[in-house]
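Engineer: Have a look at the structure that comes next, please.
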Amino acid sequence: MTTFAFIRRAVMLGLAISFFMLTGCASITGSKNQPVSITSVCEGAPVMGASCTLMNDKGTWYVQTPGSVMIQKAYGDLAVDCKKEQAVASGKFQSKSNGGVWGNLLAGGLIGYAVDASSGAGFDYPPTMTVSLSGPCPKAD
Numbered sequence: 192m193t194t195f196a197f198i199r200r201a202v203m204l205g206l207a208i209s210f211f212m213l214t215g216c217a218s219i220t221g222s223k224n225q226p227v228s229i230t231s232v233c234e235g236a237p238v239m240g241a242s243c244t245l246m247n248d249k250g251t252w253y254v255q256t257p258g259s260v261m262i263q264k265a266y267g268d269l270a271v272d273c274k275k276e277q278a279v280a281s282g283k284f285q286s287k288s289n290g291g292v293w294g295n296l297l298a299g300g301l302i303g304y305a306v307d308a309s310s311g312a313g314f315d316y317p318p319t320m321t322v323s324l325s326g327p328c329p330k331a332d
């Protein structure tokens with residue numbers, strides 16, 4: 192093996208180790224929980240005090256708008272249903288993989304990915320979510 196080939200392999204190995212250390216296993220380095228903030232609007236105007244239910248395959252949470260709640264992350268989407276008076280809103284917010292899940296896929300293969308997917312630690316929801324109420328807009332408080 193030439194000196195150049197040896198150096199090239201050493202550099203590639205160093206880069207691979209650095210990548211795994213930076214991304215890591217999301218189940219170990221990441222959190223299974225995430226704070227999310229919910230706001231509601233009706234015809235473009237903010238609505239205070241809409242009651243919202245957030246659901247995924249890990250649980251159900253309740254919050255009034257505008258507000259924040261700590262949820263448990265999941266592989267699947269987060270369903271949000273809000274209501275104030277006769278105005279209602281429904282939305283789905285997509286769970287997207289974070290960097291940790293890809294490092295675990297490379298380091299742990301499909302088993303590592305499956306662990307992150309089942310715990311939810313390898314996925315994130317948008318940190319802020321806005322839902323648009325439809326129907327007669329609630330009266331301003």
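For the sequence shown, this note's numbering begins at 192 and goes up steadily by one.
A virtual CB, placed ideally from N, CA and C, is assigned to each residue, including glycine.
The structure presented is a predicted model; accordingly, all values stated were derived computationally and were not measured.
On the DSSP bridge list, what partners appear for aspartate 272?
Structural biologist: Aspartate 272 is bridged by DSSP to Thr244, Ser281.
Engineer: In the DSSP output, what is methionine 261 paired with across the bridge?
Structural biologist: Pro226
Engineer: Quick one: measure Cβ to Cβ for serine 325 and cysteine 273, integer angstroms, because I've assumed they're closer than 8 Å.
Structural biologist: Their Cβ separation, rounded to whole angstroms, is 11 Å, which puts serine 325 and cysteine 273 out of contact at 8 Å.
Engineer: How far does the beta strand (DSSP E) with tyrosine 333 in it reach, from first residue to last?
Structural biologist: With the chain running from 192 to 332 in the structure shown, residue 333 is simply not present.
Engineer: Using DSSP's beta-bridge definition, name the partner residues of methionine 320.
Structural biologist: Ile229
Engineer: Locate the beta strand (DSSP E) running through proline 237, then write down its first and last residues.
Structural biologist: For proline 237, the enclosing beta strand (DSSP E) covers residues 236 to 238.
Engineer: Would a C-beta distance cut-off of 9 Å place lysine 264 and tyrosine 316 closer than the cut-off?
Structural biologist: Closer than 9 Å, so yes.
Engineer: So, using beta-carbon positions, are valine 271 and valine 322 closer together than 9 Å?
Structural biologist: yes
Engineer: Taking only the alpha-carbon atoms, compute the straight-line gap between isoleucine 262 and methionine 246 and give it to the nearest angstrom.
Structural biologist: 9 Å
Engineer: Does lysine 275 pass the burial test, meaning 16 or more other C-beta atoms within 10 Å, or should it be called exposed?
Structural biologist: buried
Engineer: So if DSSP puts serine 325 in a beta bridge, which residue, or which two residues, is it bridged to?
Structural biologist: Val279
Engineer: Return the bridge partner residues of lysine 287 from the DSSP annotation.
Structural biologist: In the DSSP assignment, lysine 287 forms a beta bridge with Asp315.
Engineer: Whole angstroms is fine: what's the gap from phenylalanine 197's alpha carbon to glycine 282's?
Structural biologist: 54 Å
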